[in-house]
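Peer 1: The opening position of the sequence shown corresponds to residue 1 in the UniProt record's numbering, with each subsequent residue numbered one higher.
Just so it is clear, CB atoms sit at the ideal spot from N, CA and C, and this is done for glycine as well.
Being a predicted model, the structure only gives us computed values, none of them experimental.
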Amino acid sequence: MGNSLSPPLVFSEVSIPDKVTTLSERASIPSSTKTKDPDGLWRDTGILVGAQVAVIGVLYVMPESVSGWSPQQKRNSWRNYQKNVQNPGIDNDKFYLNYILHPYWGATYYTRARERGFEEGESFLYSTAMSTLYEFGVECFFEKPSIQDLFVTPVIGSVIGKYLFEPVRMRIKQKAERDWYDETLMVATDPIGVLSNGIEKMFGIKSQVELNYSTPAGSPKVDLVVKFQLR
């Protein structure tokens, strides 16, 4: 995501085979996994929710010509929230809102959890939780929670995240040099990560990432742990 990696790199648990490897063995591509970063994901969640609340706060103090809220609507905002949160229903939003924009955000939730090292199923649950939090959170100031959004956002979003966002991001990460459109795609597929990284840098928070590399079964054993810090 455009972060600069600061040394030192710490290498550990390295074993080198005594024999010379064959061509087929050298052709084996090591697999890699990320260590889970639950603290980082909690920060991501807090930053996202904080940003949503901040937007509501800014709109609240803006004039009606900007926010679209009359003084009476502002006075009744909490009452409207209490009414809406208890009455979820089917919404009549436009197609692109329900079936393009909402799944997109579901995919970004899924991607953020994956980038923090969580498994696919866990990332789906995170996308579901974030969608539910939005529907029963800030959106209730405007309208009732949408039943179809509670389903469409995490389900279709996670499918998009797994089969579109992840492969695209993986190919870009494997490039020696990135073009401007690569960086654009990295931002578009993980905007929460961009925001979170920016906040972490602002407050001097260092996120430690650990990548574990291991060779497939049947190949010479080479286990390598690489640790670095994102500044």
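(1) Using 8 Å as the limit for Cβ to Cβ distance, is Asn87 near chain B?
(2) Going by the CB atoms, is the gap between Ile90 and Ile147 shorter than 8 Å?
(3) For Lys36, which residues from the same chain have a beta carbon less than 8 Å from its beta carbon, with the 5 sequence-adjacent residues on both sides left out?
(4) Using only CA atoms, which one of Val159, Asn92, Arg169 and Leu133 lies nearest to Phe124?
(5) Indicate the three-state DSSP secondary structure (helix, strand or coil) for Gly137 in the structure shown.
(6) How would you call Ile16, buried or exposed, if buried means at least 16 neighbouring beta carbons within 10 angstroms?
(7) Rank Pro88, Cys140 and Glu64 by C-alpha distance to the C-alpha of Asn80 and give the top, closest one.
(8) Considering only the beta carbon of each residue, do Val152 and Tyr99 sit closer than 8 Å?
(9) In chain order, which beta strand (DSSP E) runs of at least 3 residues are fully inside the UniProt domain "DUF3943" (88-192)?
(10) Report back the beta-carbon spacing between Phe136 and Val85 to the nearest angstrom; my notes put them in contact at under 8 Å.
(11) In terms of alpha-carbon separation, which member of Phe165, Gly57, Val53 and Glu183 lies closest to Ala113?
Peer 2: Taking the definition as stated:
(1) In the displayed structure, chain B is absent; only one protein chain is listed.
(2) yes
(3) Arg116, Gly117 and Phe118
(4) Val159
(5) coil
(6) Caution applies to Ile16, whose pLDDT of 48 falls short of 50 and renders its modelled position unreliable; the model cannot decide the point.
(7) Cys140
(8) yes
(9) none
(10) 6 Å
(11) Phe165
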